[in-house]
Structures are given as C-alpha cells and as structure tokens.
Amino acid sequence: MMPLPIDHILPQLLAELQTHDSVVLQAEPGAGKTTRVPLALLDAEWLQGQRIIMLEPRRLAAVHAARYMSRQLGEEPGQTVGYTIRHQQAVSKQTRIEVVTEGVLTRRLQNDPTLDGVGLIIFDEFHERALQADLGMALVGDVRAALRDDLKVLVMSATLDGAALADYFGGCPVVPSDGRCYPVEVFHLGDDDRLEVQVSRAVHKAVAEQPGDVLVFLPGAREIQRCCNALAGRLDGDILVLPLYGALPFEQQQQAIQPTTRRKVVLATNIAETSLTIEGVRVVIDSGLERLMTFEPRTGMNRLVTRRISQASVRQRSGRAGRTAAGACYRLWSPQAEAAMIDYVAPEILRSDLTSLALELIAWGVTEADALPWVDAPPAAHMNAAFNLLLQLDAIDEQRRLTTVGRAMTRLPLHPRLARMLVAAEDENEQVLACQLAVVLESPQWFRSGQSDTVSDSDLLDHLEQWQPHGKKSSSRISPLAHQSYRQLCRRLGCSPTTTPSRNSVALGRLLIAAYPDRVAQKRDGSIEGSTDHFLLSNGRGARLSPRCRVRQHRWLVAVDVEFSASGEALIHRASALDERQLDNMWPHPVNWQMETVWDDSGQRVVTREARRWGALLLSSRPHALDAEQALPIVLEQIRSGGLERLNWTKETLCLRQRMAFVQQHQLVDDWPQVDDAALLDSLNVWLAPWLNGMSRLDQVAKLNLLEPLCSLLSWPQRQQLDELAPERLTVPSGSRIAVDYSDPHQPVLAAKLQELFGWQQTPRIGKGRVPVMLHLLSPARRPMQTTTDLANFWATTYDEVKKELKGRYPKHPWPDDPLQAPAQRGVKKRSDR
1 MMPLPIDHIL PQLLAELQTH DSVVLQAEPG AGKTTRVPLA LLDAEWLQGQ RIIMLEPRRL
61 AAVHAARYMS RQLGEEPGQT VGYTIRHQQA VSKQTRIEVV TEGVLTRRLQ NDPTLDGVGL
121 IIFDEFHERA LQADLGMALV GDVRAALRDD LKVLVMSATL DGAALADYFG GCPVVPSDGR
181 CYPVEVFHLG DDDRLEVQVS RAVHKAVAEQ PGDVLVFLPG AREIQRCCNA LAGRLDGDIL
241 VLPLYGALPF EQQQQAIQPT TRRKVVLATN IAETSLTIEG VRVVIDSGLE RLMTFEPRTG
301 MNRLVTRRIS QASVRQRSGR AGRTAAGACY RLWSPQAEAA MIDYVAPEIL RSDLTSLALE
361 LIAWGVTEAD ALPWVDAPPA AHMNAAFNLL LQLDAIDEQR RLTTVGRAMT RLPLHPRLAR
421 MLVAAEDENE QVLACQLAVV LESPQWFRSG QSDTVSDSDL LDHLEQWQPH GKKSSSRISP
481 LAHQSYRQLC RRLGCSPTTT PSRNSVALGR LLIAAYPDRV AQKRDGSIEG STDHFLLSNG
541 RGARLSPRCR VRQHRWLVAV DVEFSASGEA LIHRASALDE RQLDNMWPHP VNWQMETVWD
601 DSGQRVVTRE ARRWGALLLS SRPHALDAEQ ALPIVLEQIR SGGLERLNWT KETLCLRQRM
661 AFVQQHQLVD DWPQVDDAAL LDSLNVWLAP WLNGMSRLDQ VAKLNLLEPL CSLLSWPQRQ
721 QLDELAPERL TVPSGSRIAV DYSDPHQPVL AAKLQELFGW QQTPRIGKGR VPVMLHLLSP
781 ARRPMQTTTD LANFWATTYD EVKKELKGRY PKHPWPDDPL QAPAQRGVKK RSDR
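Taking UniProt numbering, the leading residue of the sequence shown gets 1, the next gets one more, and so forth.
So this is what it looks like as structure tokens:
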C-alpha cells in the first residue's frame, strides 16, 4: 500500500480517540483521510464489537470510498466495508465500516436513536456543510447528551476552521495532517466569450501544453453537455471526453473516475471537488462557477443561482491537478476577479429550503430548532417558512405535532412536497402516476425534454409519456437511475411498477395540488384570453410564464418550477393546467364560503362579500351588506399606501398644517405634534380615523374637511399658543390683515404692497420674537420688487432707488421722500394729496 501523508498522524489520532469522545481531524487535500482513517480504526480496543458509520456528502463519493477500502482488504463491498445510499445498499452482518450519505444517518437515527452497535460516527468532508450533515451533527449531539455518552465522533475536514469546530465540542483535540500536493502552475485565461467557447479553447491549450488527463469544473449538467458538444470531433481521436455528475449511471461515472489507457478530458460538476480522486489528472480547467440553491423566506421558494465559487473552492479545485505529480491549472477568469471572490460559501443550512429539516425535527420530537445543538443555527425566518409549508401540506397541526399524513410522509425518502403527493394517491393508478411524477419532479435531468414549441396542458406530460408499458423497451432518453428510483418508490407504496396509469392534466391536477398548494396560479384579470402571461400565485406573489413554459392557454395552473428574477418577479418555467373544480374538494384545504371585507380596486371602495378562496386566489364571490367596523382599517390602509395626497388639502387646512410645522421646526413648544407626511401617515388612527366612521369609498374621504381632524392634534392651550406663535395673519400699517405664508417652515413670508408698509420701522418677528418674517415688497401692480428680512436697512439704503424706478410708472400712488413718516395706504393717492 502506497504511503500517504495521513499515515504519519494515525498513531496520534488513535490515541486521541482512545481518551476523548470527540476529535477534529484537519487534513489538507490529498492526505488520504477518507480511505485510510476508517481502516486504521478497525482494531481500536474501544471499538471492539462495534461498527463505524462514515458520512459522505455525495452518493458517488460514498460508493467509491467503500469500493476502494474493500479492494485494500481484498474483499468485495458488503463484507468488512459496505455502503448504504438512497435506493442502494451493500452491507452484511460482518460489515464493520458502513459508508453512508448524510440523509441515511438521519433516517437511521429516527428509527433507532440509540444507534445500537455503533461506536463511532465519522463526518467526512464536513467543510462542505451540507444541510443533512448539519442536521446529523445536531441529532448526534442530542443523542450523546441524553442516551449515548459513549458514542464517539470524528469530524474530518480539509478547509474548515478546526479550532472553531473544536469549541463546538467543548474544546476537543484537533489533529492536523499535511496533504499530498505537488506544485501546480496557475494560468488565468479570462475572457467574455460563451462558456463552452472558453472551455474549448482552454482544453485545446491544455492538451497541447501539458501531460496527463484534464479535469474541467463546470456549474451543472447543462453546461457539461454544451461543452461536450463543443469538443465533439475537435480533439485528437484518441482522447476521451467524459461527463461526470451525480445523475449519471454508475458505469459512466466509473468510466470517468477510473484510469484508462487513453488520455481523457473529464467534464465535472463540483462532485469532483472533494472526496473523490480521479486517477491520472494533471491538469485542471476551472470555470470558477457553481450552481447553488438558495431560499427566499418571503416567497417560501428556492432559487437556483449560478455564481462565482469561493476562495476555498478555488484552492480545492486547483489542488486536484497536483495529487500525483506537478500539474497546471487554467482559470477562466482574471486575477482581478479572483481577488473579489468570497472566502467561503455560507453553509447550506443558512441559505436553503429547510422544509425537510423541519419535518425531521418534528419527527424527532422538537418543535423549535434552538432545542438542538447546532454548529450554525438555522435562520428563524427560514424555519418559520418551513413550518408554515408543512402546515399547508397537512403534515403537522397548529401545535406542530405530526399528523397521520405527516407520519406517512416521514417514511418516504423524498422532499416533503413530493412525499405529500405520494401519500395523497388513493388507488393504484394514482400511486403509480405519483411515483413517476415524483421521479420527474425530483430529477428532471434524468429526462430529455422534447423540443416541441406547441402549447400543452402540462410541461410534465412530455416526460411522463417516455415511460413505456411493461414489456416494451423504455425510451433511451430516460436515465436508468430514473427507473431504479421509480421501482423503489413503487415498492414502498406497494403498487406494481408494471401498471400503466392514465396520464393527462386532470389526473396530474389532484396530485400536484397536494404537493404545491402554495403554487396554484390564476391568470390575472384582463389576460384570460392569453393576451398576457401574468398570473397570481396562491401565496400572493405575482408571476409570469417564461418562454420555456408551454402551458399558455389556461386560466388555472400549478406552477411546479418557479424562479425569482433579480427584480423579484416570479418566472414560471414548468406548470400543469388545472380544472378549477379540482380545488373545490381538495383535502386538506376544502374551499368553503367565508365572509371577508376587502378593498375593491375597480370601485375604489371597501366591500363585504362571501368568497371562496384558495390562498390569495378568488374562486368566486357574492355580495353582502358592508361590515362598517372592518371597513375603517381598510380605508386607512388605502390612505397609507396612496399617500396624503388622497386627502382634501384645501388652502385653509394646508395653511393650518404649515403653521403647526413652523412651531415644531423652531421647537417653540415642548411636546408639539409632528405633522410631516411620515408622522401624519403613522398616526392616522389618532387624528383622522374618528372622522371616517361610516366611510367606505375614497371619494367620500376626498371630500372630508381636514380642519377639525388636524386641530384635534392640539390641546386647547396649544391652539391658543399656535395663534400667538404662528399667527395666520399680520396687521400692517395700512390696517390690512395679510396672510403669512408658512410653506417654508424655516422662513415665513409676508407679501404686501410697499405703500401699505409706510411707517413700519422694523421687520416684524414671530415665534416668541425669534424668527423675522421675510417681507416680499410688491409694486402697486403686486409684482415683487424686493425681498428683505431687514426692513430698516431697506428704507435706509434701497428705497430711494426703488422710488426713482417706479414713481414714473405708478404716478397715482404715493412715493414720499420719508416713508417712515408717511401714512400707509392701500390704494392710490387721495385727491387732497395730488
């Protein structure tokens, strides 16, 4: 057996596990931890008579690790070393090391919380922080605290912060190990061309310049297929181009992994980033992209995002080129782009749909996530969205206890939506159809859609029609993994996989409603005839059909593949038509008549009606007498959403509001009410609501005089203070009472003809004498001549110039030499003065 770096620290690791319940092994890539450590622990004294369970984040890695360790022992998988993944198992009574995917551990714990016969659990590649790994860690922590204090845990990671993880275990030992990595020369080849073109150029360059096999990292199966097509027939005929992703049949995966006599180019997702060593690779071409599922709590929906990888993934991927000899890495981005990459991707538990996790917690007997010891606690908003969906699926009740339906769902290895669909199937025909539908919905990449652009009743029928009746050759477009998964689901339901169910949108409708009660969609008013593709989802969100969706002529549908664009509008990529009558008796959501008081946009009024609804969608309604008590808050909300301009701001009420704002602006009185837009909208219940009783229409609101409602914000002493501090009018020397303009609360304005101010020596001041009034001095024609807040200075310095300019133009008006001694007057000169 070829020595590996991990061999040097195995004695230390064994000693730490002998004396500690938890150990963290921080081993760099290439150390050999996955296949060396479990075998080295078999003969540990404390483990005698007990088994090891080792978790791997991916099925391919789990099977590959078990097969490799079995070969080291000269055995077949299922003897000393075995594996259990979804729908596949190779174990026996003599199995001591069982390699499993993370979801298998969760199911094992739910069925046997004490894990009898298990002495050690190894969490391999824990730095990937898959959701099921975090859940498994939390459940194991709960088991060790309550039932199994002797159960040991070993966490193995390449890039995770070992010290932080050690703190999680209360300060356990951290054992470091070097990796095996030869020098890797890095080249940056970033350009703006299509990805498949960039990859094709890089592969040709690498093949010409470097020895060994080539590993290309791409975000998903779709990009892999495009790059395969771009390379087809364009390389030396002796070079193999092989895809590698999780949905491929095992034989094709092995062809990509195992060494061959021919040079090969492997196009892989991040399945090849960790846990899996591809023999012969000397060159890595990295697209710098990965596809991640992120969750939006506001919508309760996942969004699949293609994004830049992290710096940790950059290091992991380039390291694959230096496992066996010096290598090269071609990165399809610039050094500047690399500097902007984040250090780590957030753990899946912080960014993904937690519905499956929520169901597992409730099955475990936990109704609040914080009852378990998490490495990173799941976000409360995500958990609430998950619990709400389980309630809609009838998996739990209001107290978050499992229902009969929920217990049946936990026995199925599917997302809760799909599990609910299988539980809803009532006869064998529906059960078989549900099993086929579950495979299509869970793994659409196993099917190849037809290219037809014709309108259809369901985007799913094209996939389902590929299932052939028993005895006929199945379509070559279906992956063998689809048939395997289908048979396993049929076995769990007790139905025959040879049954050929009826397939049409009506048959699909009931099953899809059970799985997606929150994604029933109704075409918006005005678009029923297909003029637009805009819909309203039952969760209240707007959506439109994407070009990929072929279900375009129906008023009702179930949206099974929904994506949110950057603008927040939902795009429906796949859907199936519904008959509205299918909603009437769909359990557990019977559609009954219920009384509601709502806003009617078309009539701009509040109405009370009896309505039948599916979530936010209105099926039908009939009028009812208005419920005036419930109308008021709805009217107030319309005012808040539309703004204060919906109200009747007369000149008088606007002046009152401006005067009040002046007192507040200059802080002339303590505890003075604020009257800016935000404050008035926030306090509508206080100052406006008492005057809206009995009103249900906006046209009624628009006629309401706001004088008294505004005055209600002031106590009686404050009303007296307002008149004193911000008088509505000022008396000028001519005897006129002229309105003060408070539209600018910083600077009130008085506009008056110059002749009316003769004899006024100083600028008037208001607000306890703190604020001078801005005087707008007007000509006899009431045109502005001058503005000033210093009237005395105007008389002394500017008046003579104004008099010279205007005296000839307005000879009938007085222009005295001494305006401070002249009598003020409103009109033209008196006859005696002429």
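Note that beta-carbon positions come from the ideal geometry of N, C-alpha and C, so glycine has one too.
(request) With DSSP collapsed to three states, give me the class of residue 741. (result) Start at 1 with the first residue of the sequence shown, and residue 741 comes out as number 741. Three-state result, residue 741: strand.
(message) If you measure between the beta carbons of residue 370 and residue 134, is that distance less than 9 Å?
(response) Numbered from its first residue, the sequence shown carries residue 370 at position 370. Numbered from its first residue, the sequence shown carries residue 134 at position 134. For residue 370 and residue 134, no; Cβs fall outside 9 Å.
(request) Kindly indicate which residue of 697, 702, 721 and 406 has the alpha-carbon position closest to the one of residue 671. (result) In the sequence shown, residue 671 corresponds to position 671, counting from 1. Nearest option by C-alpha distance: 721.
(request) Check whether the segment 709 to 728 touches the segment 666 to 682, counting contact only when three or more Cβ pairs, one atom from each stretch, lie closer than 8 Å. (result) yes
(request) From the DSSP output, read off the bridge partner residues of residue 799. (result) For this step, residue 799 is matched to residue 799 along the sequence shown. Looking at the DSSP assignment, residue 799 forms no beta bridge with any residue, so it has no partner.
(message) If you follow the alpha helix (DSSP H) that residue 660 is in, where does it begin and where does it stop?
(response) Translated into positions along the sequence shown, residue 660 becomes position 660. Residue 660 -> alpha helix (DSSP H) spans 651 to 665.
(message) Quick check: what's the CA-CA separation for residue 753 versus residue 732?
(response) Numbered from its first residue, the sequence shown carries residue 753 at position 753. Numbered from its first residue, the sequence shown carries residue 732 at position 732. Residue 753 and residue 732: Cα-Cα distance of roughly 10 Å.
(request) Report yes or no: do three or more beta-carbon pairs, one from the segment 81 to 90 and one from the segment 283 to 293, lie closer than 8 Å? (result) no
(request) For residue 79, I'd like the list of residues in its chain whose CB is within less than 8 Å of its CB, leaving aside the five on either flank, ordered along the chain. (result) Looking up residue 79 in the sequence shown gives position 79. These residues qualify, in order along the chain: 70, 73, 92, 94 and 95.
(request) Excluding the 5 residues preceding and the 5 following residue 600 in the sequence, name in chain order all residues of the same chain whose CB lies nearer than 6 Å to its CB. (result) As a first step, residue 600 is located in the sequence shown; it is residue number 600 there, counting from the start. The answer, listed in chain order, is 607.
(request) Kindly list the residues whose CB is nearer than 6 Å to the CB of residue 105, restricted to its own chain and excluding five residues on each side of it in sequence; keep chain order. (result) Within the sequence shown, residue 105 is the residue found at index 105, counting from 1. Counting only Cβ-Cβ distances below 6 Å, and skipping sequence neighbours, we find 55 and 136.
(message) If you follow the beta strand (DSSP E) that residue 286 is in, where does it begin and where does it stop?
(response) Translated into positions along the sequence shown, residue 286 becomes position 286. Where residue 286 is concerned, the enclosing beta strand (DSSP E) stretches over 281 to 286.
(request) Identify whether residue 682 lies in helix, strand or coil by the three-state DSSP scheme. (result) Taking the sequence shown and counting its residues from 1, the one referred to as residue 682 is at position 682. Of the three classes helix, strand and coil, the one that applies to residue 682 here is helix, per DSSP.
(request) Tell me where the alpha helix (DSSP H) around residue 205 begins and ends. (result) Start at 1 with the first residue of the sequence shown, and residue 205 comes out as number 205. Element bounds for residue 205: 195 to 209.
(request) Would you check if the segment 45 to 52 and the segment 339 to 353 touch, i.e. whether three or more CB-CB distances between them fall below 8 Å? (result) no
(message) Tell me whether the segment 382 to 398 and the segment 406 to 416 touch, counting them as touching only if at least three CB pairs, one residue from each stretch, are closer than 8 Å.
(response) yes
(request) With DSSP as the reference, label residue 375 as helix, strand or coil. (result) Reading the sequence shown from its first residue, position 375 is the one you call residue 375. In this structure, residue 375 counts as coil in the three-state DSSP scheme.
(message) Once the 5 residues before and after residue 400 are set aside, which same chain residues still bring their CB inside 7 Å of it?
(response) The sequence position of residue 400 within the sequence shown is 400, counting from 1. Cβ within range, chain order: 362, 367 and 387.
(message) Using the three-state DSSP reduction, which class does residue 531 fall into: helix, strand or coil?
(response) As a first step, residue 531 must be located in the sequence shown, where it is residue number 531. Any reading at residue 531 must be qualified, since the residue scores a pLDDT of 48, below 50, and its modelled position is unreliable; the value itself is stated next. Residue state, collapsed to three classes: coil.
(message) By alpha-carbon positions, which one of 7, 577 and 390 ends up nearest to residue 845?
(response) Residue 845 lies beyond the range of the chain shown here (1 to 834); nothing can be said about it.
(message) Can you check which of these residues, 668, 692 and 113, is closest to residue 360 by C-alpha distance?
(response) Position 360 of the sequence shown holds residue 360. Checked all of 668, 692 and 113; the closest Cα to residue 360 is 113.
(request) Mind reading off the beta-carbon distance from residue 4 to residue 13? Whole number of angstroms is fine, and I expect it under 8 Å. (result) The count along the sequence shown starts at 1 and reaches residue 4 at position 4. The count along the sequence shown starts at 1 and reaches residue 13 at position 13. Incorrect: roughly 13 Å between the Cβ atoms, too far for contact.
(message) Relative to the C-alpha of residue 53, which candidate in 77, 82, 29 and 779 has its C-alpha closest?
(response) Taking the sequence shown and counting its residues from 1, the one referred to as residue 53 is at position 53. Residue 53 has its Cα closest to that of 82, out of 77, 82, 29 and 779.
(request) Just mark residue 814 as buried or exposed, buried being the case when its beta carbon has 16 or more other beta carbons within 10 Å. (result) Here residue 814 is taken as the residue at index 814 of the sequence shown, counted from 1. It is buried - the Cβ of residue 814 has at least 16 other Cβ atoms within 10 Å.
(request) Kindly list the residues whose CB is nearer than 8 Å to the CB of residue 705, restricted to its own chain and excluding five residues on each side of it in sequence; keep chain order. (result) As a working note, residue 705 is residue 705 in the sequence shown. 648, 650 and 653.
(message) Buried or exposed for residue 222, going by 16 or more other Cβ atoms inside 10 Å?
(response) Counting from 1 along the sequence shown, the entry for residue 222 is found at position 222. Its Cβ having fewer than 16 others within 10 Å, residue 222 is exposed.
(message) In whole angstroms, give me the CA-to-CA distance for residue 32 and residue 316.
(response) Indexing the sequence shown from 1 puts residue 32 at position 32. Indexing the sequence shown from 1 puts residue 316 at position 316. If you take the alpha carbons of residue 32 and residue 316, they lie about 14 Å apart.
(request) Work out the CA separation of residue 646 and residue 227 for me, nearest whole Å. (result) Here residue 227 corresponds to residue number 227 of the sequence shown, with the count starting at 1. Here residue 646 corresponds to residue number 646 of the sequence shown, with the count starting at 1. C-alpha separation (whole angstroms): 58 Å.
(message) Using DSSP's beta-bridge definition, name the partner residues of residue 812.
(response) The residue labelled residue 812 in the question sits at position 812 within the sequence shown. Residue 812 pairs with nothing; no bridge assigned.
(message) Measuring only the C-alpha atoms, how far is residue 515 from residue 394?
(response) Reading the sequence shown from its first residue, position 515 is the one you call residue 515. Reading the sequence shown from its first residue, position 394 is the one you call residue 394. Cα-Cα distance, rounded: 10 Å.
(message) How far does the beta strand (DSSP E) with residue 85 in it extend, from its first residue to its last?
(response) In the sequence shown, residue 85 corresponds to position 85, counting from 1. Start and end: 81 to 85.
(request) Would you identify the three-state DSSP class for residue 455, choosing helix, strand or coil? (result) As a first step, residue 455 is located in the sequence shown; it is residue number 455 there, counting from the start. Residue 455: coil per DSSP, three-state reduction.
(request) Count the other CB atoms, across all protein chains shown, that sit within 10 Å of the CB of residue 204; report buried if there are 16 or more and exposed otherwise. (result) For the purposes of this step, residue 204 is identified with residue 204 of the sequence shown, where counting begins at 1. Looking at its Cβ environment, which holds fewer than 16 other Cβ atoms inside 10 Å, residue 204 is exposed.
(message) How far does the beta strand (DSSP E) with residue 330 in it extend, from its first residue to its last?
(response) Numbered from 1 along the sequence shown, position 330 holds the residue referred to as residue 330. 327 to 331 is the span of the beta strand (DSSP E), which, as asked, contains residue 330.
(message) I'd like the list of long-range same chain contacts for residue 139, defined as Cβ closer than 6 Å, with 5 residues on each side in sequence excluded.
(response) Here residue 139 is taken as the residue at index 139 of the sequence shown, counted from 1. Excluding positions up to five away in sequence, the list reads 109.
(request) Kindly indicate which three-state DSSP category residue 414 falls into: helix, strand or coil? (result) Mapped onto the sequence shown, residue 414 falls at position 414. Residue 414: coil per DSSP, three-state reduction.
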